[in-house]
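K.L.:
To start, I am sharing the structure in question, which I have written as structure tokens.
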Amino acid sequence: MTDTMRWDPSECGELRMDSYDVVVIGAGFAGLVAARELALRGHAVVVLEARDRIGGRTWTDERLGRRLEMGGTWVHWLQPHVWSEITRYGLRVEASPVAQTVHWIAGGNAHEGSPAEFNALIAPAMDRLAADSRTWFPLPHEPLHRADLDWIDHLSVADYLSGLDLTPAEREVTTGVWAEHFNGPAAVSGLAQAMRWCAVASGNWQLLHQATSGHRLTEGTAALAGAIAADSDAELRLGSVVTSVAQDTGGGATVTTADGSRFAARQVICTLPLNVLDTIDFQPALPAAKLAANAERTASQGLKTWIRVRGEVPPFTGYAPDDHDLTFVHTECTVDGDTLLVAFGTRAADLAPDDVEGVTRALRAWREDLEVLDVAGHDWMSDAFARETWPMQRPGQLTAYLAALQEPHGAVRFAGSDVATGWAGFIDGAIESGLRVSRAARSALRGAGA
Ligand SMILES: Cc1cc2nc3c(=O)[nH]c(=O)nc-3n(C[C@H](O)[C@H](O)[C@H](O)COP(=O)(O)OP(=O)(O)OC[C@H]3O[C@@H](n4cnc5c(N)ncnc54)[C@H](O)[C@@H]3O)c2cc1C
């Protein structure tokens, strides 16, 4: 992207405004991809990003003596859109360490076993859920394909697991696995979303686990975001907080930022996370379904934290039920003879990702032998431009809102991993929706003679 913008000033009322074919709000993966697609086809595009960096909910930063991912991390060749971008820009991936042991909490006690022993514990529920996912989502990239989804969409993951014939330990441990996937408690985690995840992994939960935590970008997610931005001559304006989008009778819109700058656009692409959609004043107001989905919030409400522990620790994974402050921990890498663990919890309100004492206490539920030296993380739930981690639906939200959230509102179109059809909640989903919406915007511009 370039700082040398293609200025095309025009008069609008009494104030001068910069005019563009498309204003993209947000420079996460959805916005970057949408802007690149449109700019490469000759359209005048500006990206307005509130932060002082690109990447949105992915953020490669120097912490604890290493380059670490504060947000989105793992990618996989099973995810078609992100893999295509990785190929396009010649980037590489590396494997996260494979656990030698698994620590889990069941019946209030800590247990240790091999990955095979742990998998045997979750297999009864996961096999059943994966089989059901193939039935309910026969075309995973068309999540609303079946008309009778209400049968499952009103249920939570906790409801589903309590209806299966499981031992208490199997139920408790599988609940912890899904709490990690949702970054939220199982009681508010939508069963349909869980099945969608299994379905896009070809209805195979082992493959799902590999795809969601097996491989990371060697140079970090920032390298991929940077490559997409560099491949586009769309103008990028960082530190531009959009406050309003007013549509006019001519079919276009005026986008205003907090510093009073105004941008005229024929098409607007909004990539805001669902939980902050209400921070922009849309005129006319957004339809009721979009506002209701925003007001309900996503199921994800958790945290991700990095933990530096003394010495080299053989690779392990830990799972805990969703009433624990941390529900998942995994060995990720080493730094200067110490080990870095990555961990997730379901309630950021109860544990800040940089709270050394709280994180240490939570880690002790699995292992008392580890000495915590430091912790680091970003609180996405308190972040004014996110207010969510990765978007996960609550019960009922798939059938009630997905189609409505994907609908354009006049000249404003909506993209982002929150409204993806396939790998919803992932970098892949953000890219998929950026591609889809840029195609729709292009066709609207063509129809308008641009
Ligand atoms: C902790 C965590 C771990 C994750 N792990 C993974 C993982 O391992 N693998 C994976 O694939 N995905 C993961 N994800 C999810 C993935 O990172 C996101 O789904 C994806 O990056 C979202 O991209 P997006 O473009 O849809 O939204 P965003 O990246 O949120 O982009 C939206 C942009 O809009 C900007 N914005 C907001 N408000 C305004 C405003 N008023 N004006 C202007 N700009 C504004 C934001 O600053 C942001 O840059 C994780 C996310 C988190 C937070």
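Numbering (the UniProt record's numbering), first residue to last: 1 to 450.
C-beta atoms are modelled at their ideal positions from N, C-alpha and C, and glycine is treated no differently.
Would you say the beta carbon of residue 417 comes nearer than 7 Å to a heavy atom of ligand 1?
P.N.:
Here residue 417 is taken as the residue at index 417 of the sequence shown, counted from 1. Answer for residue 417: yes, Cβ within range of ligand 1.
K.L.:
Please go through the same chain and pick out, in chain order, the residues whose beta-carbon is closer than 8 Å to the beta-carbon of residue 186, but skip the five residues on each side of it.
P.N.:
Residue mapping note: residue 186 aligns to position 186 of the sequence shown, counting from 1. Only 156, 157, 158, 161, 175, 178, 179 and 322 meet the Cβ criterion.
K.L.:
Are the beta-carbon atoms belonging to residue 352 and residue 325 less than 8 Å from one another?
P.N.:
Residue mapping note: residue 352 aligns to position 352 of the sequence shown, counting from 1. Residue mapping note: residue 325 aligns to position 325 of the sequence shown, counting from 1. No, these two residues do not count as a Cβ contact at 8 Å.
K.L.:
Which of helix, strand or coil does DSSP assign to residue 19?
P.N.:
Residue 19 sits at position 19 when you count from the first residue of the sequence shown. Residue 19: strand per DSSP, three-state reduction.
K.L.:
To the nearest angstrom, report how far apart residue 111 and residue 35 are at their CA atoms.
P.N.:
The residue given as residue 111 occupies position 111 in the sequence shown. The residue given as residue 35 occupies position 35 in the sequence shown. Going by the C-alpha atoms only, they are around 49 Å apart.
K.L.:
Rounded to the nearest angstrom, what separates residue 294 and residue 121 at their Cα positions?
P.N.:
As a working mapping, residue 294 is identified with position 294 in the sequence shown. As a working mapping, residue 121 is identified with position 121 in the sequence shown. Taking the straight line from one Cα to the other gives about 37 Å.
K.L.:
Could you check if residue 290 belongs to the surroundings of ligand 1, using beta carbon to heavy atom distance under 7 Å?
P.N.:
Locating residue 290 in the sequence shown gives position 290, where the first residue counts as 1. No, ligand 1 has no heavy atom inside 7 Å of this Cβ.
K.L.:
Tell me the DSSP secondary structure of residue 385 in three-state form.
P.N.:
Numbered from its first residue, the sequence shown carries residue 385 at position 385. Three-state result, residue 385: coil.
K.L.:
Is residue 441 close to ligand 1? I mean its beta-carbon at under 7 Å from any heavy atom of the ligand.
P.N.:
As a first step, residue 441 is located in the sequence shown; it is residue number 441 there, counting from the start. The answer is no for residue 441.
K.L.:
In the DSSP assignment, what residue or residues form a beta bridge with residue 331?
P.N.:
What you label residue 331 is simply residue 331 of the sequence shown in a count that begins at 1. DSSP lists 341 as partners of residue 331.
K.L.:
As a quick exercise: from 306, 415 and 394, pick the residue whose alpha carbon is nearest that of residue 363.
P.N.:
In the sequence shown, the residue the question calls residue 363 occupies position 363. Comparing Cα positions, the closest option is 306.
K.L.:
Using the DSSP secondary-structure output, state which residues sit across from residue 61 in a beta bridge.
P.N.:
Mapped onto the sequence shown, residue 61 falls at position 61. Per DSSP, 68.
K.L.:
Cα separation between residue 444 and residue 214?
P.N.:
The residue labelled residue 444 in the question sits at position 444 within the sequence shown. The residue labelled residue 214 in the question sits at position 214 within the sequence shown. Looking at the two C-alpha atoms, the distance is approximately 40 Å.
K.L.:
Where residue 454 and residue 355 are concerned, what is the direct C-alpha to C-alpha distance, given to the nearest angstrom?
P.N.:
Examination of residue 454 is not possible in this model, given that the chain is present from 1 through 450 alone.
K.L.:
Using the Cα positions of residue 345 and residue 303, report the straight-line distance between them to the nearest angstrom.
P.N.:
Within the sequence shown, residue 345 is the residue found at index 345, counting from 1. Within the sequence shown, residue 303 is the residue found at index 303, counting from 1. Residue 345 and residue 303: Cα-Cα distance of roughly 5 Å.
K.L.:
Please state whether DSSP places residue 409 in a helix, a strand or coil.
P.N.:
As a position in the sequence shown, residue 409 is number 409, starting the count at 1. Residue 409: strand per DSSP, three-state reduction.
K.L.:
Sorted by chain position, which residues of the same chain lie with C-beta nearer than 7 Å to residue 201's C-beta, five sequence neighbours on each side aside?
P.N.:
Taking the sequence shown and counting its residues from 1, one reaches residue 201 at position 201. Closer than 7 Å at the Cβ level, and outside the excluded window around residue 201, lie 78, 207, 208 and 211.
K.L.:
Which residue wins for smallest C-alpha separation from residue 199, given the options 29, 137, 59 and 42?
P.N.:
Against the sequence shown, residue 199 aligns to sequence position 199. Looking at the Cα atoms, 137 is the closest of the given residues.
K.L.:
Note down, in chain order, each residue of its chain lying with its Cβ closer than 7 Å to the Cβ of residue 130, except the 5 sequence neighbours on either side.
P.N.:
Reading the sequence shown from its first residue, position 130 is the one you call residue 130. Cβ neighbours of residue 130 beyond the five flanking positions: 198, 203, 204 and 205.
K.L.:
Nearest-angstrom Cα distance between residue 244 and residue 393?
P.N.:
For the purposes of this step, residue 244 is taken as the residue at position 244 of the sequence shown. For the purposes of this step, residue 393 is taken as the residue at position 393 of the sequence shown. Rounded to whole angstroms, residue 244 to residue 393 spans 27 Å at the Cα level.
K.L.:
What does the alpha-carbon distance come out to for the pair residue 385 and residue 273?
P.N.:
One-based indexing of the sequence shown puts residue 385 at position 385. One-based indexing of the sequence shown puts residue 273 at position 273. Computed Cα separation, rounded: 8 Å.
K.L.:
Are residue 492 and residue 400 closer than 8 Å when you measure CB to CB?
P.N.:
The structure shown does not extend to residue 492, since the chain is modelled only from 1 to 450, so the question has no answer here.
K.L.:
Taking buried to mean at least 16 other C-beta atoms within 10 Å of its own C-beta, is residue 339 buried or exposed?
P.N.:
Here residue 339 refers to the residue found at position 339 when the sequence shown is read from its first residue. Classification of residue 339: buried, given that the 10 Å Cβ count is 16 or more.
K.L.:
Starting from the C-beta of residue 56, find all residues in its chain whose C-beta is less than 6 Å away, skip the five residues before and the five after it, and write them out in chain order.
P.N.:
Position 56 of the sequence shown, counting from 1, holds the residue named residue 56. Same-chain partners within the cutoff: 28.
K.L.:
Is residue 337 near ligand 1, in the sense that its beta carbon is under 7 Å from a heavy atom of that ligand?
P.N.:
As a working mapping, residue 337 is identified with position 337 in the sequence shown. No, the Cβ of residue 337 stays beyond 7 Å of every heavy atom of ligand 1.
K.L.:
Using a Cβ-Cβ cutoff of less than 8 Å, which residues in the same chain neighbour residue 166 once the five nearest sequence positions on both sides are dropped?
P.N.:
Reading the sequence shown from its first residue, position 166 is the one you call residue 166. Contacts found: 124, 125 and 174.
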